[in-house]
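A.B. asks: Numbering (this note's numbering), first residue to last: 238 to 735. From the three backbone atoms N, C-alpha and C, an ideal C-beta is built for every residue, glycine too.
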């Protein structure tokens, strides 16, 4: 990756009239803003379909997209929706925060209208493209669409609570539900067709403007997902009950005395190796169709991971277990060739993890907000960086710079930051902080959109280990403008990043 710069801004956080960011007009306007700013990378959060908790890191499928991002105005232009199908719906009352409950009530009603309209359309070309899409993606789409249809039949509960025959995918049950739910299955496949059609057009437009998309894939999949239901042998799951044997998380550390209990089922890496890591190769291959660069979350988990017995209330009683290591990435590269990957290497790093990352050759991450612990020397300070890394002002798991500077950072850490970066009110504290990342030797520097906008703690996207008040922030209409683009361009040009 050549010397350049970018921004973290999730699709959900874009402004617009549909209660959440979409692939519509505002997304194209944002690409124009990035182009004028001299930025080369737009980093987004996972695009997967969200469920309980609304986290993009807990999706119903590792391959399916989030239907909420489908833009209704585009469907209107294509003749799939009439204006009266969607313009009078209430998608939420606050332009700055997403109301996921409201979206769930309204979005799927409109999308079902779109499906009913599509079935009546006399558009041979569009229907042929839909058929082509279903054939090209049958390796994951068939299981996903059946899973979502059956999930609807059982009142949206986890597949673990379905009737035994379909829970265990008995052939007779599979055939029966396919027959009974054929229309619902068609609906979910159609929704994915719309999602990928709109996303691919937006990505092509961004690429034409010289903007590359950095996508994000979680290392683990959710237990309540089409992936685990359709392929349980790939996970550490009891064969008879289909309950997890152990689950994922992180050990206790300075931030949490009980650790983090994520609850995702762990991979059966012996099974994965016996199958030539086929599932992971497919996952990376599909991700690289969606994105230009892929950031893999919790990368250290490939070297060794924290295994917690299923049923534990905390992560305390876990243990470290060796992962597949370099074998996995050799298999991926043998099939796909060289791949553009960013390794999320934050957290507890041993010498083995550091050696593993170096062997892959992938750039790791340096988060500037982590640098200013006044109690100890930090390898997140810019003077310690090497070229082969990505320098971030913060990530979705951090407070915004302003929130940290004014509210959540300790006084000694903030004072150290002010001294180290020579921050001043005249320049703007946030701009001095951005300068710290932009002036470093890191090949790529990336800022949160909130840091460019100098927004506070109220716009923080995620509070790790909490549920219910995350993933909600949206940018205000008109908040990013030509004046801001010019200022970003000034810094980006000054430090040789455009």
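Under a three-way DSSP split, which group does residue 708 fall into?
C.D. replies: The count along the chain shown starts at 1 and reaches residue 708 at position 471. DSSP places residue 708 in coil when its eight states are reduced to three.
A.B. asks: Please return the same chain residues whose Cβ sits closer than 6 Å to the Cβ of residue 427, not counting the five positions on each side in sequence.
C.D. replies: The count along the chain shown starts at 1 and reaches residue 427 at position 190. Within the same chain, residue 427 has close Cβ partners 352.
A.B. asks: Using a 10 Å radius around the Cβ and a threshold of 16 neighbouring Cβ atoms, would you call residue 246 buried or exposed?
C.D. replies: Here residue 246 refers to the residue found at position 9 of the chain shown. Residue 246 is buried by the Cβ-count criterion.
A.B. asks: Run the CB neighbour count on residue 413, radius 10 Å, all protein chains shown included, and call it buried at 16 or more, exposed below.
C.D. replies: Taking the first residue of the chain shown as 1, we reach residue 413 at position 176. Exposed is the call here.
A.B. asks: Under a Cβ-count criterion, where at least 16 other Cβ atoms within 10 Å of its own Cβ denotes burial, should residue 700 be classed as buried or exposed?
C.D. replies: The sequence position of residue 700 within the chain shown is 463, counting from 1. Residue 700 comes out exposed.
A.B. asks: Nearest to residue 520 by CA position, among 340, 660, 566, is which residue?
C.D. replies: One-based indexing of the chain shown puts residue 520 at position 283. Of the listed residues, the one whose Cα sits closest to residue 520 is 566.
A.B. asks: Which partner residues does residue 602 have in the DSSP bridge list?
C.D. replies: For this step, residue 602 is matched to residue 365 along the chain shown. Paired residue(s): 627.
A.B. asks: My assumption, with CB atoms under 8 Å, is that residue 195 sits in contact with residue 626. Please give the rounded CB distance.
C.D. replies: Not covered by the structure: residue 195. The range shown for the chain is 238 to 735.
A.B. asks: Quick check on DSSP: helix, strand or coil for residue 674?
C.D. replies: Along the chain shown, one-based indexing puts residue 674 at 437. DSSP places residue 674 in helix when its eight states are reduced to three.
A.B. asks: Where do the ends of the alpha helix (DSSP H) carrying residue 520 lie?
C.D. replies: Working through the chain shown from its first residue, we reach residue 520 at position 283. Unbroken alpha helix (DSSP H) run through residue 520: 515-527.
A.B. asks: In or out: residue 408 buried (at least 16 other Cβ within 10 Å) or exposed?
C.D. replies: Sequence index remark: in the chain shown, residue 408 carries index 171 (1-based). Burial call: exposed.
A.B. asks: Less than 7 Å between C-beta atoms, sequence neighbours within five positions excluded: which residues of the same chain meet that for residue 517?
C.D. replies: In the chain shown, the residue the question calls residue 517 occupies position 280. Excluding sequence neighbours, residue 517 sits near 509, 565, 569.
A.B. asks: Compute the distance between the beta-carbons of residue 302 and residue 391, then report whether it is under 8 Å.
C.D. replies: For this step, residue 302 is matched to residue 65 along the chain shown. For this step, residue 391 is matched to residue 154 along the chain shown. Contact flag unset, no.
A.B. asks: Beta carbon of residue 638, beta carbon of residue 670: below 8 Å?
C.D. replies: Taking the first residue of the chain shown as 1, we reach residue 638 at position 401. Taking the first residue of the chain shown as 1, we reach residue 670 at position 433. Cβ atoms of residue 638 and residue 670: closer than 8 Å.
A.B. asks: With three or more beta-carbon pairs closer than 8 Å as the criterion, would you say the region 289-302 touches the region 370-390?
C.D. replies: Taking 8 Å as the limit for Cβ pairs, the verdict is that the region 370-390 does touch the region 289-302.
A.B. asks: Excluding the 5 residues flanking residue 363 on each side, which residues of the same chain have their C-beta closer than 6 Å to its C-beta?
C.D. replies: Sequence index remark: in the chain shown, residue 363 carries index 126 (1-based). Once the five neighbours on either side are set aside, residue 363 has no close Cβ partner at all.
A.B. asks: Pull up the distance between the alpha-carbon of residue 600 and that of residue 411, whole angstroms please.
C.D. replies: For the purposes of this step, residue 600 is identified with residue 363 of the chain shown, where counting begins at 1. For the purposes of this step, residue 411 is identified with residue 174 of the chain shown, where counting begins at 1. In this structure, the straight-line span from the alpha carbon of residue 600 to that of residue 411 is close to 44 Å.
A.B. asks: Taking the alpha-carbon positions, what's the residue 329 to residue 421 distance?
C.D. replies: For the purposes of this step, residue 329 is identified with residue 92 of the chain shown, where counting begins at 1. For the purposes of this step, residue 421 is identified with residue 184 of the chain shown, where counting begins at 1. In a straight line, the C-alpha of residue 329 is about 27 Å away from that of residue 421.
A.B. asks: My understanding is that residue 603 touches residue 629, with C-beta atoms under 8 Å, so please give their C-beta distance in whole angstroms.
C.D. replies: In the chain shown, the residue the question calls residue 603 occupies position 366. In the chain shown, the residue the question calls residue 629 occupies position 392. Going by Cβ atoms, the distance from residue 603 to residue 629 rounds to 7 Å, so yes, they are a contact pair.
A.B. asks: Could you name each continuous alpha helix (DSSP H) segment of 4 residues or more that falls completely within the region 571-598, going from the start of the chain to the end?
C.D. replies: 588-597
A.B. asks: Quick check: the Cα distance between residue 482 and residue 734, rounded to an integer number of angstroms?
C.D. replies: The residue given as residue 482 occupies position 245 in the chain shown. The residue given as residue 734 occupies position 497 in the chain shown. Cα-Cα distance, rounded: 48 Å.
A.B. asks: Taking the beta carbon of residue 394 as the centre, do at least 16 other beta carbons fall within 10 Å, making it buried, or is it exposed?
C.D. replies: On the chain shown, residue 394 is found 157 positions in, with the first residue counted as 1. With fewer than 16 other beta carbons inside 10 angstroms of its own, residue 394 counts as exposed.
A.B. asks: Mapping the DSSP letters down to three states, classify residue 464 as helix, strand or coil.
C.D. replies: Position 227 of the chain shown, counted from the start, is the residue given in the question as residue 464. Correct three-state label for residue 464: helix.
A.B. asks: Which residue marks the beginning of the beta strand (DSSP E) containing residue 557, and which one marks its end?
C.D. replies: As a working mapping, residue 557 is identified with position 320 in the chain shown. Counting along the chain, the beta strand (DSSP E) containing residue 557 begins and ends at 556-559.
A.B. asks: By alpha-carbon positions, which one of 423, 477, 431 ends up nearest to residue 402?
C.D. replies: The count along the chain shown starts at 1 and reaches residue 402 at position 165. Among 423, 477, 431, the Cα nearest to that of residue 402 belongs to 477.
A.B. asks: Output needed for residue 522: all residues of its chain with C-beta closer than 8 Å, excluding positions within five of it in sequence on either side, in chain order.
C.D. replies: Here residue 522 refers to the residue found at position 285 of the chain shown. Non-local C-beta neighbours of residue 522 in its own chain, meaning closer than 8 Å and more than five positions away in sequence, comprise 572, 573, ordered along the chain.
A.B. asks: Report the rounded CA-to-CA distance for residue 252 versus residue 499, giving the unit in angstroms.
C.D. replies: The residue you call residue 252 lines up with position 15 of the chain shown. The residue you call residue 499 lines up with position 262 of the chain shown. Straight-line Cα distance between these residues: approximately 31 Å.
A.B. asks: In angstroms, rounded to a whole number, what distance separates the CA positions of residue 588 and residue 616?
C.D. replies: Taking the first residue of the chain shown as position 1, residue 588 is located at position 351. Taking the first residue of the chain shown as position 1, residue 616 is located at position 379. Cα to Cα, the separation comes out at about 14 Å.
A.B. asks: Could you give the distance in angstroms between the alpha-carbon of residue 282 and the alpha-carbon of residue 399?
C.D. replies: Taking the first residue of the chain shown as position 1, residue 282 is located at position 45. Taking the first residue of the chain shown as position 1, residue 399 is located at position 162. Distance between the alpha carbons of residue 282 and residue 399: 31 Å.
A.B. asks: Considering just the uninterrupted stretch of the alpha helix (DSSP H) at residue 412, what are its terminal residues?
C.D. replies: Residue 412 sits at position 175 when you count from the first residue of the chain shown. Run containing residue 412: 408-417, per the alpha helix (DSSP H) assignment.
A.B. asks: Take the Cβ of residue 633 as the centre, count every other Cβ of all protein chains shown within 10 Å, and call the residue buried at 16 or more, exposed below.
C.D. replies: Here residue 633 refers to the residue found at position 396 of the chain shown. That one is buried.
A.B. asks: Could you say which of 459, 583, 719 lies nearest to residue 689 if we only look at CA atoms?
C.D. replies: Along the chain shown, read from residue 1 onward, the residue named residue 689 stands at position 452. Comparing Cα positions, the closest option is 719.
A.B. asks: In the DSSP assignment, find the unbroken beta strand (DSSP E) run with residue 243 in it and report its ends.
C.D. replies: Looking up residue 243 in the chain shown gives position 6. Looking at the DSSP string, the run of the beta strand (DSSP E) that includes residue 243 is 241-245.
A.B. asks: How many angstroms separate the CA atom of residue 269 from the CA atom of residue 444?
C.D. replies: On the chain shown, position 32 is the one that residue 269 refers to. On the chain shown, position 207 is the one that residue 444 refers to. Roughly 11 Å separates the two Cα atoms.
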